[in-house]
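Peer 1: Chains as they are written, first to last, in the working numbering: chain A, 16 to 115; chain B, 124 to 271.
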Amino acid sequence: MGKISVLSVCGSGTVTSSMVAGKVKEFLKDKGYNVSATEARPTEALNLAQSGRFDFITFTSPLQSGDYVIPTVNAFACLTGIGEDEFFEQVLEIVKGLNK
Amino acid sequence: MNFDLIELNLAAETNQDVIVTLGKKMLANGYVKDSYINAVIEREMNLPTGLNLGSFSVAIPHTNAEHVILSHIAVAVLKKPVIFYSMIDHSDKLQVELVFLLAIKDPDGQVSLLQKLMSVFQNLELLQQIKAAKTKEEVAKLLDVIEL
Numbered sequence: 016m017g018k019i020s021v022l023s024v025c026g027s028g029t030v031t032s033s034m035v036a037g038k039v040k041e042f043l044k045d046k047g048y049n050v051s052a053t054e055a056r057p058t059e060a061l062n063l064a065q066s067g068r069f070d071f072i073t074f075t076s077p078l079q080s081g082d083y084v085i086p087t088v089n090a091f092a093c094l095t096g097i098g099e100d101e102f103f104e105q106v107l108e109i110v111k112g113l114n115k
Numbered sequence: 124m125n126f127d128l129i130e131l132n133l134a135a136e137t138n139q140d141v142i143v144t145l146g147k148k149m150l151a152n153g154y155v156k157d158s159y160i161n162a163v164i165e166r167e168m169n170l171p172t173g174l175n176l177g178s179f180s181v182a183i184p185h186t187n188a189e190h191v192i193l194s195h196i197a198v199a200v201l202k203k204p205v206i207f208y209s210m211i212d213h214s215d216k217l218q219v220e221l222v223f224l225l226a227i228k229d230p231d232g233q234v235s236l237l238q239k240l241m242s243v244f245q246n247l248e249l250l251q252q253i254k255a256a257k258t259k260e261e262v263a264k265l266l267d268v269i270e271l
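(1) At 3 residues or longer, and completely inside the segment 132 to 198 of chain B: list those beta strand (DSSP E) runs for me, N to C.
(2) In this structure, what does DSSP give as the bridge partners for residue 52 of chain A?
(3) Consult DSSP for residue 265 of chain B and reduce its assignment to one of helix, strand or coil.
(4) When burial is assigned at 16 or more other CB atoms within 10 Å of the CB, is residue 172 of chain B buried or exposed?
(5) In or out: residue 137 of chain B buried (at least 16 other Cβ within 10 Å) or exposed?
(6) Taking only three categories from DSSP, how would you classify residue 61 of chain A?
(7) I need the straight-line Cα distance from residue 254 of chain B to residue 221 of chain B, nearest angstrom please.
(8) Under a CB-based cut-off of 8 Å, is residue 20 of chain A close to chain B?
(9) Should the segment 58 to 66 of chain A be called in touch with the segment 97 to 106 of chain A, which here means at least 3 C-beta pairs below 8 Å?
(10) If we count the other Cβ atoms within 10 Å of its Cβ and call it buried at 16 or more, is residue 167 of chain B buried or exposed?
(11) Just to make sure I have the definition right: I need the residues of chain B whose C-beta is within less than 9 Å of the C-beta of residue 97 of chain A. Which are they?
(12) So what does residue 216 of chain B bridge to, in DSSP terms?
(13) Give the DSSP-derived three-state secondary structure of residue 237 of chain B in the structure shown.
(14) Whole angstroms is fine: what's the gap from residue 76 of chain A's alpha carbon to residue 132 of chain B's?
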């Protein structure tokens, strides 16, 4: 299967985005996907999303409004565990839809 | 885990009090730079870190790696809850009872540590035990899973 590129967004583009990126990578690896993740701040997210380099966005800090072109998924569940199954279902659906 | 970085029954009025108390411990142990405490306080005002776990709330104040010397986590069990705002909805006030102050030098290199911390948040029973702990040793033992 092809390579999936995730943009993981959090407040300072470091700690919680790394936590989420790690979880998403692990989850998709188990499903047989090869995943790379890039971390970013909300202010950088729109430009990066429009760059065409990424397949979807996960975020733990509210995204600024704009046309993100690619799917965006709220990853708060990854931190709290509440609704985590739904989060991963959403991620899997997006990835399946990419046909990679 | 360094017992010095565990605070039980901490009396604090504001989230800033908690950050200062735990931050001073980080500083005294040489884990962070002088700039760390103010950087965390400022970040918390703009990018709050409260997490509503359903039956109660925790917070994970932190800041950029440039203020950190050595990665570590400090923990406070509060005597009474203080208000932190929610990470996902910045207008949502949470009554936080447990605070994990994070000093992270290399987030990408520490993904496994961070994921273990998340697994702690997802184990409400473990969090209840931390809240009810009578000694620092007990808390350290409960947090062994983080492997600092």
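Every residue, glycine too, gets a C-beta built ideally from N, C-alpha and C.
Keep in mind that this is a model prediction, so the values were computed, not measured.
Peer 2: This is what the structure gives:
(1) For the segment 132 to 198 of chain B, whole beta strand (DSSP E) runs of length 3 or above, ordered along the chain, are 173 to 175 and 180 to 182.
(2) According to DSSP, which records beta bridges pairwise, residue 52 of chain A is partnered with A/21.
(3) In this structure, residue 265 of chain B counts as helix in the three-state DSSP scheme.
(4) Classification of residue 172 of chain B: buried, given that the 10 Å Cβ count is 16 or more.
(5) Classification of residue 137 of chain B: exposed, given that the 10 Å Cβ count is below 16.
(6) Helix at residue 61 of chain A.
(7) Using only the alpha carbons, I get a separation of about 7 Å.
(8) Under the Cβ criterion of 8 Å, residue 20 of chain A is not counted among the residues facing chain B.
(9) Using a C-beta cut-off of 8 Å, the segment 58 to 66 of chain A makes no contact with the segment 97 to 106 of chain A, since fewer than three inter-stretch Cβ pairs fall below that distance.
(10) Buried.
(11) At a beta-carbon threshold of 9 Å, the residues of chain B lying near residue 97 of chain A are 175, 176, 177 and 245, ordered along the chain.
(12) Answer is B/208.
(13) Helix.
(14) C-alpha of residue 76 of chain A to C-alpha of residue 132 of chain B: approximately 30 Å in a straight line.
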